[in-house]
Amino acid sequence: MAETLFEKILKMQEEQGLNPWAPFSDIEEWDLVKWLFKHVGQTGMEEFTKLPIVSHLNTSFKSSYTLLKAVDKLPRASEWNLEAVSIKGDLYEEEVELWMQNPLDCIRELMANPTFADSVSFEPQRVFDDDEGRLRQYDEMWTGDWWWEMQGRLPPGAVVAPVILASDKTSLSQFRGDQEVWPVYLTLGNISKDVRRQPSMHASVLLGYLPTTKLECFSEAQRSVERYRLFHYCMAQILEPLISAGKEGVLVTCPDGQVRRLHTILAAYVADFPEQCLIACCKESRCPKCQVGRKERGDLLVPVPRTKDDTLRNMEKHQQGLSTKEEYDGKLGLRAVYEPFWAHLPHSDIFACIAPDILHQLHKGVFKDHVVSWCTEIIGAKELDMRFKAMTPYAGLRHFKKGISKRKQWTGADQKELQRVFLGVIAGAVDERVLAAVRGILDFIYYAQYQSHTEASLEKMEDSLKLFHENKQAFVDLGVRDHFNIPKLHSMVHYATSIRLLGSADGLNTELPERLHIDLAKRAYRASNRRDYVIQMTRWLQRQDSIYLQDLYLAWHPEVVQSRMGSAEIDEGLGEDSDADSQPGTSLRVRQLTRFVMVDHSRGYYLPSTCPLPNIPISAIQDGHRAPLLIPALDTFLREAFPLAHNHIQVRPYDHLDVFKYVSILAPSRHHLSDTKRFFKIRAAPEAPPRDARKKPTPAVFDMALVIEDPVIWDGVGMQGNSIIPIRGRVGQIKVIFKLPSFLGKTKHPLVYIHWFRPLQSFDNHSCMFRLTRSSRNRGPHAVVVPIDRILRPCHLIPQWGDEATSREIDDIDSFLLNPYIDLDLFDMLADR
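Written out as structure tokens, the structure is:
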């Protein structure tokens with residue numbers, strides 16, 4: 001065991017007689033400093049310190065200057081360095097700035113974080129999805145083949161530290177100017193991807209800012225290749241310490257206090273397509289991972305991968321004049337970069353490091369830019385807009401009430417919302433080949449988002465891509481495409497290989513660096529005065545890191561932890577005897593405990609603690625909730641639930657019920673998707689009058705749900721396999737959620753009034769969705785009342801419009817498709833449909 005960073009800080013404070021919050025006086029002043037740095041800029045801090053009331057606070061700082069000086073005394077893990085880079089152009093000479101931190105200091109900073117102690121792995125693992133150990137599972141980076149291969153190359157006792165880099169140029173100014181920065185981020189594959197994906201956990205650090213010069217010192221013909229060369233030179237300067245550390249290892253104190261010799265090896269590089277080509281030194285008309293022909297990217301081929309050794313050998317031959325322009329530029333598609341930054345990085349093959357980019361390649365590229373555009377041209381923008389406008393509601397589903405054809409800006413979230421309903425939207429408006437091709441793309445995208453894979457799921461993902469290629473000719477026949485030589489479409493052939501090598505793609509997505517831009521670029525820029533902003537940004541970031549590190553230290557400090565525990569005990573004692581209104585936090589925690597009800601070890605439900613519609617007459621419920629058979633359905637339920645007392649029970653229209661507008665259902669964990677609890681909201685709300693007379697009433701909404709029809713059969717079968725839901729579950733429309741009054745009987749769970757659909761037996765072979773029609777009885781709806789614990793989860797039904805969409809009320813529509821793309825959970829349940 002070695003002395004950790006926090007132990008060193010504690011020892012230094014004890015030797016100097018400082019308190020834990022030094023250089024600040026106490027916990028209250030420290031909380032004020034944190035608030036100021038989080039919510040107030042430097043100008044605001046100056047104004048705050050000049051307020052007369054602040055003089056009565058007796059703070060140790062009297063101005064923003066003294067406050068910043070105090071913050072600069074806090075511990076810091078790494079320092080920013082500036083290197084001036086001279087560029088000798090063919091027109092004139094230019095000097096640019098390269099800002100960077102030592103990557104080894106950044107790695108030590110990550111490993112010094114004690115909050116990662118339970119989320120770090122130091123050895124590869126082979127995980128299997130079956131008891132026999134035959135079905136390999138790929139999840140975290142340490143479950144992939146890359147780590148096993150690296151471990152075999154290193155001496156016994158060595159620990160692999162897989163370095164994950166990400167870079168992406170981003171704009172800083174919103175409305176004017178052209179200020180931009182080019183951040184480079186670093187994280188480690190040792191840290192669980194669930195932690196890495198949360199920016200608030202600080203598991204990714206800013207490694208440097210690359211120069212963003214336009215290279216006007218070169219003639220226009222030279223600028224493209226010189227941009228490549230400048231990028232690789234700067235990256236080589238930043239990553240130079242990783243060369244010796246990758247070969248010989250470096251001693252690092254880990255979160256568990258153990259000192260390990262880490263071999264820092266570049267494992268993955270997260271970037272969009274133009275930057276992938278920049279990293280691989282290839283033209284954007286080629287694939288950065290393989291040697292597929294320039295005009296062959298639209299075919300489903302098994303490509304020959306690019307390799308580090310072959311590429312460097314070809315670069316050397318071209319530099320020495322031993323290869324022609326046709327061989328180097330035409331056949332290989334390489335740029336004239338002869339010293340790439342990855343040339344000397346040990347044990348690393350940059351082409352295998354390039355990670356899948358779900359955001360830009362799949363959501364935006366293949367789906368939004370191509371599939372949606374092709375289908376819009378086939379169906380027509382007007383009809384497609386009408387179908388989106390007429391889409392049935394679902395909790396959390398974005399309703400494109402104006403259609404999609406006139407929407408100018410699309411975010412990644414918007415593109416995901418389109419995917420949730422798109423196949424159902426175009427069903428009936430395109431021929432079966434187009435529908436099959438689109439289904440292949442959507443299935444691939446959904447499989448690519450799994451948090452863990454097996455060989456079975458990877459095979460399904462590859463089959464989905466085959467399905468698209470088998471049917472893509474339909475777009476050519478319809479005149480919307482001439483070819484499929486599309487870089488982002490070709491990139492899909494590399495996904496399964498990358499997942500087997502580096503773990504699931506969700507841990508290496510470009511969504512994280514996009515989110516990091518907000519905290520580590522845009523907020524830092526707004527804290528500057530916009531002149532020489534990069535140096536101000538680095539100072540601001542360094543202070544933010546110091547505050548974060550100090551906060552971690554105080555959370556670890558034994559004295560501070562003990563004092564906070566004592567305060568918590570006092571607060572808890574006050575909460576037990578005090579009025580609920582005076583202790584809102586405590587009473588809220590108590591109320592939250594009473595809201596949630598577990599049904600079994602994997603399922604449960606959550607109702608609001610306060611009933612929003614108490615004591616409503618049944619006659620009013622029948623009208624407002626469109627529940628005409630509530631009384632006979634409830635009467636049938638009571639007769640079955642209380643057979644002995646039924647002769648004394650009679651439900652009357654003027655009886656009152658407590659009605660809820662929604663219930664949240666806890667879904668069983670599905671390890672392919674997430675290990676965390678997932679709640680799904682199901683609504684049964686009548687029309688609500690507007691709060692403002694100028695607005696329209698809030699329309700009624702009654703969601704669909706999968707419900708256990710026969711609990712006896714369900715209990716006997718259980719959750720055995722993915723197909724159990726469609727076989728034993730039945731779709732119903734939830735009309736009323738209510739509690740039974742005591743004079744009618746006491747039930748263990750609240751009740752729901754449902755209108756059944758026919759069982760899941762009819763299947764549409766073109767869309768591969770279940771067809772559903774409403775179930776009827778005695779020329780009316782098939783209505784039942786069941787306990788709320790029989791609801792499995794919500795589901796989404798898409799109307800079968802045929803050739804032309806109509807915007808009818810959902811209760812007037814009889815034929816639907818069960819939408820498996822509404823979320824990953826239902827998609828996984830119905831994966832074998």
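First residue of the sequence shown: 1, per UniProt numbering; consecutive thereafter. Think of the CB as a built atom: it goes at the ideal place given N, C-alpha and C, for glycine as much as any other residue.
Check Thr497 in the structure and name its three-state DSSP category. Start at 1 with the first residue of the sequence shown, and residue 497 comes out as number 497. In the structure shown, Thr497 sits in a helix (DSSP, three-state: H, G or I).
Span separating the alpha-carbon of Ala2 from that of Pro241: Sequence index remark: in the sequence shown, residue 2 carries index 2 (1-based). Sequence index remark: in the sequence shown, residue 241 carries index 241 (1-based). Near 23 Å, if we compare the C-alpha coordinates of Pro241 and Ala2.
Looking at C-alpha atoms only, which residue of Pro356, His656, Ala496 and Ser602 is the closest neighbour of Val302? Looking up residue 302 in the sequence shown gives position 302. That would be Ala496, whose Cα lies nearest to the Cα of Val302.
Quick check: does the Cβ of Phe757 come within less than 8 Å of any heavy atom belonging to the ligand FAD? Summarising the ligand content, the structure contains no ligands, and the ligand FAD is consequently not present.
Short Cβ contact (9 Å threshold) for Ala688 with His625: The residue you call residue 688 lines up with position 688 of the sequence shown. The residue you call residue 625 lines up with position 625 of the sequence shown. No; because the gap between Cβ atoms is not below 9 Å, this pair is not in contact.
C-beta atoms of Leu98 and Ala112 nearer than 9 Å: Position 98 of the sequence shown, counted from the start, is the residue given in the question as residue 98. Position 112 of the sequence shown, counted from the start, is the residue given in the question as residue 112. No.
Taking the alpha-carbon positions, what's the Cys611 to Asp532 distance? As a first step, residue 611 must be located in the sequence shown, where it is residue number 611. As a first step, residue 532 must be located in the sequence shown, where it is residue number 532. Those two C-alpha atoms are separated by around 57 Å.
Counting Cβ pairs, one atom from each stretch, are 3 or more of them under 8 Å apart for the region 133 to 143 and the region 64 to 77? no
Quick one: Cα of Ile734 to Cα of Phe642, how far? By one-based count along the sequence shown, residue 734 stands at place 734. By one-based count along the sequence shown, residue 642 stands at place 642. Distance between the alpha carbons of Ile734 and Phe642: 23 Å.
Measure the CB-CB distance between Cys217 and Glu94 and report whether it falls below 9 Å. On the sequence shown, position 217 is the one that residue 217 refers to. On the sequence shown, position 94 is the one that residue 94 refers to. Yes, the Cβ-Cβ distance between Cys217 and Glu94 is below 9 Å.
Are the beta-carbon atoms belonging to Leu210 and Trp182 less than 9 Å from one another? Counting from one through the sequence shown, the residue named residue 210 turns up at place 210. Counting from one through the sequence shown, the residue named residue 182 turns up at place 182. The answer is yes: Cβ separation under 9 Å.
Sheet register partners of Tyr753 (DSSP bridge): For the purposes of this step, residue 753 is taken as the residue at position 753 of the sequence shown. In DSSP, Tyr753 forms a bridge with Val736 and Val785.
Distance cutoff 9 Å, beta carbons only. Does Glu149 sit that close to anything in chain B? Any reference to chain B falls outside this structure, which holds one protein chain only.
Taking 8 Å as the limit between beta carbons, can you name the residues of its chain near His557, skipping five residues before and five after? One-based indexing of the sequence shown puts residue 557 at position 557. The residues are Phe6, Leu10 and Pro20.
Compute the distance between the beta-carbons of Arg398 and Glu417, then report whether it is under 9 Å. Indexing the sequence shown from 1 puts residue 398 at position 398. Indexing the sequence shown from 1 puts residue 417 at position 417. Yes, these two residues count as a Cβ contact at 9 Å.
Considering only the beta carbon of each residue, do Gly503 and Gly41 sit closer than 9 Å? Walking along the sequence shown from the start, residue 503 turns up at place 503. Walking along the sequence shown from the start, residue 41 turns up at place 41. No, these two residues do not count as a Cβ contact at 9 Å.
Could you pull out every residue in the same chain whose Cβ sits closer than 8 Å to the Cβ of Arg595, ignoring the five residues on either side in sequence? As a first step, residue 595 is located in the sequence shown; it is residue number 595 there, counting from the start. Hits under 8 Å: Tyr606, Leu607, Pro608 and Ser609.
Does DSSP put Asp764 in a helix, a strand or coil? For this step, residue 764 is matched to residue 764 along the sequence shown. Three-state result, Asp764: strand.
In its own chain, which residues sit with a C-beta less than 7 Å from the C-beta of Glu180, not counting the 5 before and 5 after it? The residue given as residue 180 occupies position 180 in the sequence shown. The residues are Lys169, Thr170, Ser171, Leu172 and Thr212.
Give the secondary structure of Leu344 by DSSP, where H, G and I count as helix, E and B as strand, and everything else as coil. For this step, residue 344 is matched to residue 344 along the sequence shown. A quick correction: the sequence has His, not Leu, at residue 344. Correct three-state label for His344: coil.
Taking buried to mean at least 16 other C-beta atoms within 10 Å of its own C-beta, is Thr253 buried or exposed? For the purposes of this step, residue 253 is identified with residue 253 of the sequence shown, where counting begins at 1. Thr253 comes out buried.
Should Gly780 be labelled buried (16 or more other beta-carbon atoms within 10 Å of its own) or exposed? Position 780 of the sequence shown, counted from the start, is the residue given in the question as residue 780. Counting Cβ neighbours within 10 Å, Gly780 comes out exposed, since fewer than 16 surround it.
Looking at the structure shown, is Gln137 part of a helix, part of a strand, or coil, going by DSSP? For this step, residue 137 is matched to residue 137 along the sequence shown. Looking at Gln137 - three-state DSSP - the assignment turns out to be strand.
Which runs of the beta strand (DSSP E) spanning at least 3 residues fall entirely within the region 584 to 672, listed in chain order? 596 to 598, 604 to 606, 613 to 617, 656 to 660 and 662 to 667
Looking at the secondary structure, which residues open and close the beta strand (DSSP E) in which Val54 lies? Mapped onto the sequence shown, residue 54 falls at position 54. Segment: none, Val54 is in no beta strand (DSSP E) and carries neither H nor E.
What does Arg678 pair with, by DSSP beta-bridge criteria? Your numbering for residue 678 matches position 678 in the sequence shown. Paired residue(s): Ala667.
Output the boundary residues of the beta strand (DSSP E) element that contains Ala268. The sequence position of residue 268 within the sequence shown is 268, counting from 1. It spans Val259 to Val270 - the beta strand (DSSP E) in which Ala268 sits, taken as one unbroken run.
DSSP-derived helix/strand/coil call for Tyr92: In the sequence shown, the residue the question calls residue 92 occupies position 92. Tyr92 falls in the coil class under three-state DSSP.
Taking the continuous alpha helix (DSSP H) assigned at Pro274, which residues delimit it? Here residue 274 corresponds to residue number 274 of the sequence shown, with the count starting at 1. It spans Phe273 to Ala280 - the alpha helix (DSSP H) in which Pro274 sits, taken as one unbroken run.
Distance CB(His671)-CB(Ser452) smaller than 9 Å: Translated into positions along the sequence shown, residue 671 becomes position 671. Translated into positions along the sequence shown, residue 452 becomes position 452. Yes, these two residues count as a Cβ contact at 9 Å.
Assess contact between the region 484 to 494 and the region 282 to 300, defined as three or more Cβ pairs (one per stretch) separated by less than 8 Å. Is contact present? yes
Give the DSSP-derived three-state secondary structure of Glu97 in the structure shown. Your numbering for residue 97 matches position 97 in the sequence shown. Glu97: strand per DSSP, three-state reduction.
Starting from the C-beta of Phe738, find all residues in its chain whose C-beta is less than 8 Å away, skip the five residues before and the five after it, and write them out in chain order. Here residue 738 refers to the residue found at position 738 of the sequence shown. Result list for Phe738: Ile621, Leu657, Asp658, Val659, Phe660, Pro750, Leu751, Val752 and Tyr753, in chain order.
Given this structure, state the Cα-to-Cα distance separating Asp692 from Thr698, to the nearest angstrom. Taking the sequence shown and counting its residues from 1, one reaches residue 692 at position 692. Taking the sequence shown and counting its residues from 1, one reaches residue 698 at position 698. Distance between the alpha carbons of Asp692 and Thr698 is about 11 Å.
Assign Lys401 to one of two classes, buried (16 or more other C-beta atoms within 10 Å of its C-beta) or exposed (fewer than that). To locate residue 401, count along the sequence shown from 1; it is residue 401. Classification of Lys401: exposed, given that the 10 Å Cβ count is below 16.
Do you know whose CA, among Lys308, Ser323 and His363, lies nearest Pro340's CA? As a working note, residue 340 is residue 340 in the sequence shown. The option with the nearest alpha carbon to Pro340 is Lys308.
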